[in-house]
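Which chain is which? The protein sequence lines are A and B, in order.
Take 1 as the starting number for the first sequence in the working numbering and just add one per residue.
Take 336 as the starting number for the second sequence in the working numbering and just add one per residue.
No residue lacks a Cβ here, since even glycine has one placed at the ideal position from N, Cα and C.
For clarity, every value in this text was computed on a predicted model and none was experimentally measured.
Here is the structure we will look at.
There are 2 protein chains.
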Amino acid sequence: MPTILDVARRAGVSKSLVSMVTRGEGGVSEEKRRAILEAIDELDYRPNAMARGLVQRQTRILGVMISDLQNPFFGAVISGIQERAEERGFRVLITTGDRTPSVEESAMENLLELRVDGLILASPRVGDEAIAHAGRSVPVVVLNRDTNDDSSDSVTNDNIAGARLAVEHLVSFGHRRIAFIEGGVGAGARIRREGYLRAMRDFGLEEEIVTVEGRHTEEGGHQGAMELLKMRVLPTAVFASNDLCAIGAMTAFEEAGLSIPDDLSLVGYDNNRMAALRHISLTTIDQPGGDMGRSAVERLLERIDGDRTEPSHDVVSPSLVVRSTTGPPRFEAKA
Amino acid sequence: MPTILDVARRAGVSKSLVSMVTRGEGGVSEEKRRAILEAIDELDYRPNAMARGLVQRQTRILGVMISDLQNPFFGAVISGIQERAEERGFRVLITTGDRTPSVEESAMENLLELRVDGLILASPRVGDEAIAHAGRSVPVVVLNRDTNDDSSDSVTNDNIAGARLAVEHLVSFGHRRIAFIEGGVGAGARIRREGYLRAMRDFGLEEEIVTVEGRHTEEGGHQGAMELLKMRVLPTAVFASNDLCAIGAMTAFEEAGLSIPDDLSLVGYDNNRMAALRHISLTTIDQPGGDMGRSAVERLLERIDGDRTEPSHDVVSPSLVVRSTTGPPRFEAKA
DNA sequence: TGTTCCTTTTGGAACGTTCCAAAATATAGC
DNA sequence: GCTATATTTTGGAACGTTCCAAAAGGAACA
């Protein structure tokens, strides 16, 4: 593989001049510039980003760790990240953690060893200490998980408000027995659960609280729904911690012969593209993934440029998207 | 940020010993090893992958360029890649091209400048020459696109056979007027189109051939379907070049008041997780994404290890998955 | 013909590792 | 206690860039 010295030799100039050309720096005579460009082309030269990064002590790369690439919600997030990063002259490198803390941790470590200039963690499931640890060496923005420490910035949607929106919507139809399918630990899951609990209490439905696990996956949602189906008295509505979960639950309920929303209302969270499909048409809480991705990049760049040293915690507002999976309960609530 | 020298100083040893420890090399006394590990911990030292890669002239990183991260099919592909790579001690770094050739090209370039040891291109839309160019500097495996040159390996499903499976299935129901929604240039799209054309001819349906564009996206599929709806005589069946497309088309057809499969049968391609959702239940052609990802890694490692220099072109067999969007045509075919 | 001031070009040091040959130390055998 | 050998440790060179101070050329002017 050719190096900058090969190019210099071929073009009959010093390596420094070649470096100036590849970096797009001015002050190179037209003649030499042309000769260098030609040599680069002939030799198929490509600058070595490692050597460059080593001496510049920065890479202009933003690392993104996505907990679950199978969840289409993150597609939107990445698009937003990519778009804004490109505008600002940064590259984006993605790794994924397969929803497993240990895999996530090594995915983050990879990025850090590469010396990315900033790190975005999308719904990470790793422990707080791992995040804080990363935050000590590089600016970190956590997406959709409320970090309690100030070692990193965060961009979240207001999960408490979102959960409330969901419960409120169901209550407005007259539902009282509203179950919740949880999203496991990490991510915004814990907070959504908290939001559900609070909303239920606020509406005086403390005794109706029922929660089962759903792991933020389709399979998890399916299992959670099965668990609900085993109860002697079924809920009239179910709120799932994310859309994937909700869709898995939907399948389970219909397999059991229930009709949605006639027998049971269902609300998801995320508003991913599956939820919007006409055939799914899931009522859900929208969080603007693309915007959140863009904000994350901006928070990161503020830190990288040294414009800000105070932690920042952006909160975007979720909104209710009513589709076809919610309606009044079949039997009047006992009131 | 601490360097290996800081660690060495703190532990009272030479940098070489520290290096041996971080690389897990043997032959270090227990005493020194412990002291070094402790120093690493105290200083929060993390080896610099760039410096390491520079001298080792390899990174043990596999680069993956995914044309469309929004398409859930690639989630499965990445899982397969990741799994196998990890088994073999390689790391995976992902970039995405947002379905745009120029973005894809720079995403590839990023990875090459980082000197990844191998490159996987998943359904790239860039030109052949860009792929060949990359193939000159590093082993490349192209997924789901038949490369005609031998500068890279490929792993594809048999798109011709898959398309035939789809047409055959529809013909077996008595359909004759079977339209095709194309997937644009690049990817396996061109070949699927070819497969459709060939199958139609083989079944003596040459005059019934109708194709519209669908760009392998939901929106594209929707538009393609709208175009079909404008025709004076509607097809009784539609075969879409991928599931995303098919789902977009499904929406359009139902918005126009058509009932699937009663008024119109629909077949997709990929068998992505959306297609499997009970509510979509799309008849489709399955291609095993996870397996293809795993194979891609294996082909790459053969090249990296120098076990093989001859180009390899794996072809996996697609299979028909019959679900609920296909049935007999409403009116008997004119025969 | 010098002198001054630009513009263009250059070579060496640095970045943080690994590799390797050689040095230092420990162990064994007599 | 000495040699031979095995184990552990070390310092310097290399990897391919960028940065920077300084050198080399050119143009303008007296």
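Straight-line CA distance for Glu254/A to Ala225/A?
10 Å
Cβ closer than 9 Å: which chain B residues qualify as neighbours of Ser79/A?
Leu404, Gln405, Thr431, Asp433
When you check each C-beta in the stretch 41-65 of chain A against every C-beta of chain B, which residues fall closer than 7 Å?
Asp44, Arg46, Pro47, Asn48, Ala49, Met50, Ala51, Gly53, Leu54
Is the stretch 77-89 of chain A touching the stretch 168-185 of chain A in the sense that three or more CB pairs, one from each, lie closer than 8 Å?
no
Cross-strand partners of Glu548/B (DSSP beta bridge):
Glu517/B
Rounded to the nearest angstrom, how far is the Cβ of Val142/A from that of Leu121/A, given a contact under 8 Å?
5 Å
For the candidate residues Ala199/A, Ile61/A, Gly221/A, whose alpha-carbon lies nearest to that of Gly184/A?
Gly221/A
Taking Cβ-Cβ distances shorter than 7 Å, what residues in chain A pair up with Asn445/B?
Arg91
Short-range partners of chain B found in the stretch 260-276 of chain A, where Cβ spacing is below 8 Å:
Arg273, Met274
For a quick check, are the C-beta atoms of Gly606/B and Thr618/B less than 7 Å apart?
According to the sequence shown, residue 606/B is Asn rather than Gly. Against a cut-off of 7 Å, the Cβ pair of Thr618/B and Asn606/B comes out as no contact.
With DSSP collapsed to three states, give me the class of Ile78/A.
helix
Give the residues of chain B in contact with Ser324/A, contact being defined as C-beta atoms less than 7 Å apart.
Neighbours of Ser324/A on chain B: none; closest Cβ ~10 Å, over 7 Å.
As assigned by DSSP and simplified to three states, the class of Lys669/B:
Note that Lys669/B scores a pLDDT of 45, beneath 50, so its modelled location is shaky and nothing firm can be said.
For the beta strand (DSSP E) holding Asp286/A, just list the boundary residues, first then last.
283-286
Where Glu218/A falls, given that 16 or more other Cβ within 10 Å makes a residue buried
buried
Quick one: is Leu449/B near chain A, going by C-beta distance under 7 Å?
yes
Chain A partners of Arg345/B, CB-CB under 9 Å?
What Arg345/B touches in chain A: nothing, since even the nearest Cβ is about 17 Å away.
Three or more beta-carbon pairs under 8 Å between the stretch 276-295 of chain A and the stretch 315-325 of chain A, yes or no?
yes
Should Thr482/B be labelled buried (16 or more other beta-carbon atoms within 10 Å of its own) or exposed?
buried
Chain A contacts made by the stretch 542-570 of chain B, where a contact means CB separation under 7 Å
none
Rounded straight-line distance, which links the Cα of Ala610/B to that of Arg665/B:
24 Å
Give the straight-line distance between the Cα atoms of Met200/A and Glu83/A, rounded to the nearest whole angstrom.
39 Å
Straight-line Cα distance separating Ala411/B from Val21/A
42 Å
Given a cut-off of 7 Å on the beta-carbon distance, is the pair Val573/B and Ala501/B in contact?
no
Residue from Val399/B, Gly539/B, Ala496/B with nearest C-alpha to Thr431/B
Val399/B
For Ala151/A, which option in Asn159/A, Arg303/A, Thr325/A, Leu320/A has the closest C-alpha, if you only look at C-alpha atoms?
In the sequence under discussion, the amino acid at residue 151/A is Ser, which differs from the Ala named in the question. The shortest C-alpha separation from Ser151/A is found at Arg303/A.
Below-7 Å beta-carbon distance, Thr619/B vs any chain A residue
no
Identify every run of the alpha helix (DSSP H) within the stretch 105-159 of chain A, keeping only runs that are complete inside it and at least 4 residues long; order them along the chain.
128-137
First and last residue of the uninterrupted alpha helix (DSSP H) at Gly530/B
524-537
Distance, Val28/A Cα to Leu17/A Cα:
7 Å
My guess is that Ile181/A and Ala240/A are in contact by the Cβ rule of under 8 Å, so how many angstroms apart are they, rounded?
4 Å
Check whether chain B comes within 7 Å of Asp88/A, counting only Cβ atoms and requiring the distance to be less than that.
In the sequence on display, residue 88/A carries Arg and not Asp. It does not: the Cβ of Arg88/A has no partner Cβ on chain B nearer than 7 Å.
Classification of Met336/B by the beta-carbon crowding that lies within 10 angstroms, buried from 16 upward
exposed
List the endpoints of the continuous alpha helix (DSSP H) containing Met585/B.
578-590
Within a Cβ cutoff of 6 Å, which residues of the same chain sit near Gln58/A, ignoring the five residues on either side of it in sequence?
Asp117
For Ala240/A: DSSP bridge partner residues
Ile181/A
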